[in-house]
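I have placed the structure first, in the form of structure tokens, so that the comments after it can refer back to it.
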Amino acid sequence: MTLPAASRRFQWFSQGVLVYTLGVILWGAFVRATGSGAGCGDHWPVCNGDVVPRAPTVQTLIEYTHRLTSGLATVLAVALYVWARRAVPQAHPA
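By the UniProt record's numbering, the letter at position 21 of the sequence shown is numbered 21, and the numbering carries on one by one without gaps.
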């Protein structure tokens, strides 16, 4: 059985979001393992008081990258939710 093109795109997108999110989780484990969690200091959502850190250390780069990838994961998850809500009819039992 072949799926319609829209369903295939949704399937690929949702699987891509899953894989990307797992990558973000693994990157978070790397942040923890390297002790880079304080790489951006106590400043959130900025990094050491800057939107883009100036003259960053390796720990700052690791933490800043995790912040960026986490933000993108959030955007992708919201996009997936919106797409799913629009794709499935309201009266659908799922």
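For glycine and all other residues, C-beta sits at the position ideal for the given N, C-alpha and C.
Owing to the predicted nature of the structure, the values given are computational and were not obtained by experimental measurement.
Proximity below 8 Å, CB of residue i to CB of residue j
| i | j | result |
| --- | --- | --- |
| L72 | S14 | no |
| I62 | T34 | yes |
| S70 | V24 | yes |
| A87 | F10 | yes |
Whole-angstrom C-beta distance between residue j and residue i, which should lie under 8 Å
| i | j | result |
| --- | --- | --- |
| G41 | N48 | 5 Å |
| L76 | V19 | Incorrect: roughly 11 Å between the Cβ atoms, too far for contact. |
In DSSP terms, what residue i is bridged to
| i | result |
| --- | --- |
| D50 | C47 |
Residue from the options whose Cα sits closest to the Cα of residue i
| i | options | result |
| --- | --- | --- |
| Q59 | R85, W83 and W27 | W27 |
| R8 | G39, H43 and W83 | W83 |
| A55 | W12, G39, P45 and R67 | G39 |
Contact with chain B by residue i, beta-carbon distance below 8 Å
| i | result |
| --- | --- |
| V78 | This model lacks chain B altogether; it includes just one protein chain. |
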